[in-house]
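Student: Heads up: the sequence shown runs through residues 5 to 311, numbered per the numbering used here.
Even glycine gets a Cβ: it sits at the ideal position worked out from N, Cα and C.
Have a look at this one before I ask anything.
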Amino acid sequence: MAKEQFFKSPRIFVRKLMMMQKLYVLLLIVVAAGCMAKETQNGLLWSSWEEASDSGTAVLELAYVPSEGFSYEDEDGKVTGVTIEIFRDFVRYLEEYHKLDVQYQLKPVDRFSDFYHAVREGRSGQFGVANVTITDARKEELAFSPPYMSNIAVLITHRDVEEISSIREMPDLLSDHKALAFGGTLHEVRLRNIVESYLPDVNIEYAESNREIIERAGEMPGYFAYVDLYNYWRAAEAGTAVRRHGLFDESSEQFGMIMPHGSDWADVLNQFFESDGGYLNSDRYRLLMETHLGRQLADLLISQHQP
């Protein structure tokens, strides 16, 4: 009976067959998408340079710690900033000079320690920007790009604290304060050195971001902290009640983009920074610095890495 119905209604059969085919294709797409999401989550799709140069396609990830001026969302919700746009320029370099079809994902990570661990334990094809200071110790577990910015680390307190003009004044001015640190950074190391050397009875508290450090230091006397010059500069411009203690400035820092140790993208990234007379000497770099940091701060920071 069923066979007779089949021959009597071929159009119905064809429609059902086509519907089944569409459902099958849709099922395959869903399954494939699920697999791909899992692979991406586990870092299995990021391309090494060898894979990208062989296939002509690169899939990359840029992890970043949100930071005003460097990696932030603008009014339209677009992620931008100095370091984000430097990475995008690198992508354009790969497309133009190496003829690669590049796809990339931006991955925000709130905590610096989580960010650092994720990149350190990642694979070739993963990158990170969070104004990470280049040090010999970190070079043993990460690969770095050439420096993209020189920095001055500054010690800050509330504005009502008298400026510290000598080390001998520290116990009198800061013994009733607490040190405020961003965990996992060199600023935490600097604060520990100060506390252990000069203020052994002072406790160290932790903040989740540089913004929190600025806000708590500027709210009332009670905290001292290290921040990057640009954080202090922007806070002072905004009227935040913080004071910089120039005696403790440290200006030997340089920031670099990071990759997992042994990443075969390191040489390509070096070539990008060195191409066309040097990226840091380009009008494009200055434009990014001025656009996202303001002209005065850009001039000051650029002057730090010029001979």
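Please report the distance separating the alpha-carbon of Glu77 from that of Thr84.
Tutor: Roughly 6 Å between the two C-alpha positions.
Student: Need the endpoints of the beta strand (DSSP E) that His162 sits in, please.
Tutor: Element bounds for His162: 153 to 162.
Student: Taking just the CA atoms, how far does Glu72 sit from Phe277?
Tutor: Approximately 23 Å, taken between the alpha carbons.
Student: What number of angstroms, rounded off, separates the C-alpha of Lys26 from the C-alpha of Val133?
Tutor: Low local confidence applies: a pLDDT of 49 at Lys26 is under 50, so the model's placement there is unreliable, and no value is given.
Student: Three-state secondary structure (DSSP) at His309?
Tutor: In the structure shown, His309 sits in a helix (DSSP, three-state: H, G or I).
Student: In angstroms, rounded to a whole number, what distance separates the CA positions of Leu301 and Ser59?
Tutor: Leu301 and Ser59: Cα-Cα distance of roughly 42 Å.
Student: Is Gly132 helix, strand or coil when you go by DSSP?
Tutor: In this structure, Gly132 counts as strand in the three-state DSSP scheme.
Student: Under three-state DSSP, which class holds Glu241?
Tutor: Looking at Glu241 - three-state DSSP - the assignment turns out to be helix.
Student: State the Cα-Cα distance for the pair Arg248 and Ile160, rounded to the nearest angstrom.
Tutor: Arg248 and Ile160: Cα-Cα distance of roughly 5 Å.
Student: If you measure between the beta carbons of Asp99 and Val106, is that distance less than 7 Å?
Tutor: In the sequence as displayed, the identity of residue 99 is Glu instead of Asp. Contact: yes.
Student: Can you look up Arg115 in the DSSP assignment and give me helix, strand or coil?
Tutor: Here Arg115 sits in coil by DSSP.
Student: Exposed or buried, which one is Gln109 when buried takes at least 16 other CB atoms within 10 Å?
Tutor: When all chains shown are included, Gln109 counts as exposed.
Student: Please name the residue, chosen from Glu254, Phe228, Gly243, Asp118, that lies closest to Gln308 on a Cα-to-Cα basis.
Tutor: Comparing Cα positions, the closest option is Glu254.
Student: Based on Cα-Cα distance, which residue from Glu200, Thr189, Thr61, Ser169 lies nearest to Lys182?
Tutor: If we check each option's Cα against that of Lys182, Glu200 comes out closest.
Student: For Gln45, is the classification buried or exposed, using 16 other Cβ atoms within 10 angstroms of its Cβ as the cut-off for buried?
Tutor: Reliability fails at Gln45, whose pLDDT of 40 lies under 50, so the model's placement of it is uncertain and the value that follows must be treated cautiously. Gln45 should be labelled exposed.
Student: If you count every other CB in all the chains shown that lies within 10 Å of the CB of Pro204, and 16 or more means buried, which is it?
Tutor: Exposed.
Student: Hey, could you find the ends of the beta strand (DSSP E) Arg247 is sitting in?
Tutor: That run of the beta strand (DSSP E) goes 246 to 264.
Student: Would you list the residues sitting across from Thr61 in a DSSP beta bridge?
Tutor: Per DSSP, Asp105.
Student: Whole angstroms are fine: how far does the CA of Glu54 sit from the CA of Ser267?
Tutor: Rounded to the nearest angstrom, the two C-alpha atoms are 10 Å apart.
Student: How would you write the range of the beta strand (DSSP E) that Asn182 sits in, first residue to last?
Tutor: A small fix is needed here, since residue 182 is Lys in this sequence, not Asn. 182 to 186 is the extent of the beta strand (DSSP E) around Lys182.
Student: By Cβ distance below 7 Å, which residues in the same chain neighbour Leu190 in space, the five residues on each side in sequence not counted?
Tutor: Excluding sequence neighbours, Leu190 sits near Thr137.
Student: With three or more C-beta pairs closer than 8 Å as the rule, is the stretch 144 to 151 touching the stretch 214 to 231?
Tutor: Judged by Cβ distances under 8 Å, the stretch 214 to 231 makes no contact with the stretch 144 to 151, as fewer than three pairs qualify.
Student: Rounded to whole angstroms, what is the Cα-Cα separation between Ala177 and Lys143?
Tutor: A small correction: the amino acid at residue 177 is Leu; Ala does not occupy that position in the sequence shown. Their Cα atoms are separated by approximately 37 Å.
Student: Who does Glu77 pair with in a DSSP beta bridge?
Tutor: According to DSSP, which records beta bridges pairwise, Glu77 is partnered with Val83.
Student: What number of angstroms, rounded off, separates the C-alpha of Arg194 from the C-alpha of Thr61?
Tutor: Arg194 and Thr61: Cα-Cα distance of roughly 43 Å.
Student: Is the beta carbon of Asn214 less than 7 Å from the beta carbon of Asn197?
Tutor: Against a cut-off of 7 Å, the Cβ pair of Asn197 and Asn214 comes out as no contact.
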